[in-house]
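Peer 1: Have a look at the structure that comes next, please.
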Amino acid sequence: MKEIDICEVTCVDEEKVVRVNEQLKNQDPMSVAKIFKALSDPTRLKIAYSLTLEEELCVCDISNIVEASNATASHHLRLLHNLGLAKYRKVGKLVYYSLDDEHVSQLIKIAFTHQMEIENRG
C-alpha cells in the first residue's frame with residue numbers, strides 16, 4: 001500500500017504558526033528567492049563553485065572553466081555581482097572575480113555536499 005504524504009485531518013498548531021509568521025515578517029523571501037534563482041542556472045552554479053575552489057579567477061579563466069565565451073561568462077558574472085553574490089576588481093585590462101563573502105561560499109559548498117549525500121543514499 002502506498003504511503004500518503006499529506007495530512008489526512010486538519011490540525012493546526014497555532015503557537016507555531018504565529019511564531020513562524022512573526023519571524024517571516026522580518027525577512028525578505030523574494031530577495032532570497034532571487035539568490036536561489038540565480039544559482040539555479042548550471043553555468044552560474046559552476047562559476048560560483050569554481051570561486052569556492054579558487055579564491056579569485058579572471059573572466060578569461062572562468063570562461064574556459066565553463067566553456068563559454070568571455071561575453072557569456074561576463075553576463076553571468078554581472079548577474080552574480082548585481083545580486084551581491086560576487087565582487088570584482090580590475091587590474092589593468094583584466095577583471096578578477098571572487099565570491100562576495102564566506103556566507104556565499106558556505107551556501108555553495110553546502111549545496112554540493114548535500115547533493116553528494118543524496119547520490120550516496122540512492
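Here the sequence shown is numbered in UniProt numbering, starting from 1 and rising by one per residue.
The beta carbon of each residue, even a glycine, is placed where N, CA and C say it ideally should be.
1) Going by DSSP, what residue range makes up the beta strand (DSSP E) through K87?
2) At what residues does the beta strand (DSSP E) containing V12 begin and finish?
3) For L45, name the three-state secondary structure that DSSP assigns.
4) Helix, strand or coil for S98, going by three-state DSSP, please let me know.
5) Excluding the 5 residues preceding and the 5 following K46 in the sequence, name in chain order all residues of the same chain whose CB lies nearer than 6 Å to its CB.
Peer 2: In short:
1) Going by DSSP, K87 is part of the beta strand (DSSP E) stretching over 86 to 91.
2) Unbroken run through V12: none, as it is neither H nor E.
3) Here L45 carries a helix assignment [DSSP, helix/strand/coil].
4) DSSP, read as helix, strand or coil, puts S98 in strand.
5) V66.
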